[in-house]
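Numbering (my numbering), first residue to last: 3 to 261. Since the structure comes first, as structure tokens, the remarks are kept for the end.
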């Protein structure tokens with residue numbers, strides 16, 4: 003994890019963005035991610051989470067403000083150089099072509115003229131799919147598809163992963179496995195992760211969380227300081243009670259238990 007003296011990987015400073023004339027979706031957004039950080043991005047539907055990740059990946063260009071990637075303006079990187087540093091995984095993976103897993107993962111080699119040290123099969127092994135390299139992507143479960151794209155990003159070699167709700171529509175088993183995998187990759191390869199998610203209890207497992215509303219940052223820091231009862235009420239318009247265990251773990255209680 004990063005310290006105050008470590009360089010920031012991604013810096014967004016007073017970034018604004020609008021889709022046409024519909025008003026600002028992201029409004030004076032300021033945020034930074036350092037090396038090896040594991041950050042959860044939380045907010046209600048329509049709060050701007052997906053737009054923030056698209057801006058951070060370079061898919062969208064801000065109308066104002068600055069975006070820095072490893073100390074250089076994001077838009078000054080060409081596509082191939084940017085792909086070596088940052089990888090974006092959208093929420094919807096609409097893959098209907100009959101690629102094998104190995105063929106799809108191999109697309110992570112796109113930025114390179116000289117292949118990196120890791121091979122497609124090694125990347126598949128790291129995500130637990132070594133035995134399915136010749137299977138077709140259309141035959142995989144939702145969790146396996148997510149892990150396939152994580153393997154592609156490993157081959158791509160990016161040090162920053164921007165993931166848009168990768169746990170959505172996954173069984174609990176696959177949610178747990180994917181979070182565990184990302185934590186392992188952070189520990190072994192010092193990869194930084196910024197992940198949009200909607201489950202507050204899952205967010206309690208992250209090093210840091212960012213709570214946003216209408217494209218603005220409500221809070222950013224350790225989960226126990228950001229995910230307060232009042233902060234969650236402000237962001238989601240729902241009453242919760244925070245239950246803390248003697249070992250330091252915590253979870254959110256909703257509904258009748260909040261009274």
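Note that CB positions come from ideal geometry on N, CA and C, so glycine has one too. Being a predicted model, the structure only gives us computed values, none of them experimental.
The beta carbon of residue 125 lies closer than 8 Å to those of 107, 110, 153, 154, 156, 157 in the same chain, with the five residues before and after it left out. Spatial neighbours of residue 75 in its own chain (CB-CB distance under 8 Å, excluding positions within 5 residues in sequence) are listed in chain order as 68, 69. Fewer than three pairs of CB atoms, one per stretch, sit closer than 8 Å, so the stretch 190-199 makes no contact with the stretch 135-142. For residue 176, the uninterrupted alpha helix (DSSP H) segment begins and ends at 174-191. Beyond the five residues adjoining it in sequence on each side, residue 113 comes within less than 6 Å, by CB distance, of 82, 85, 86 in the same chain, given in chain order.
DSSP places residue 86 inside the alpha helix (DSSP H), whose first and last residues are 81-87. A straight-line Cα-Cα distance of about 29 Å links residue 131 and residue 44. Rounded to whole angstroms, the gap between the alpha carbons of residue 101 and residue 147 is 12 Å. Counting only unbroken stretches of 4 or more residues, the alpha helix (DSSP H) elements lying wholly within the stretch 59-146 are 81-87, 103-108, 122-128, in sequence order. Residue 203: member of the alpha helix (DSSP H) spanning 202-205, first to last residue.
Inclusion of residue 151 and residue 62 in the CB contact set at 8 Å is not warranted, their separation being larger than that value.
In summary, residue 90 is buried, with 16 or more beta-carbon neighbours lying within 10 Å of its beta-carbon over all protein chains present.
According to the DSSP assignment, residue 32 belongs to the beta strand (DSSP E) that extends over 26-36. If you draw a straight line from the Cα of residue 243 to the Cα of residue 99, it is about 46 Å long. Per DSSP, the unbroken beta strand (DSSP E) holding residue 198 starts and ends at 194-198.
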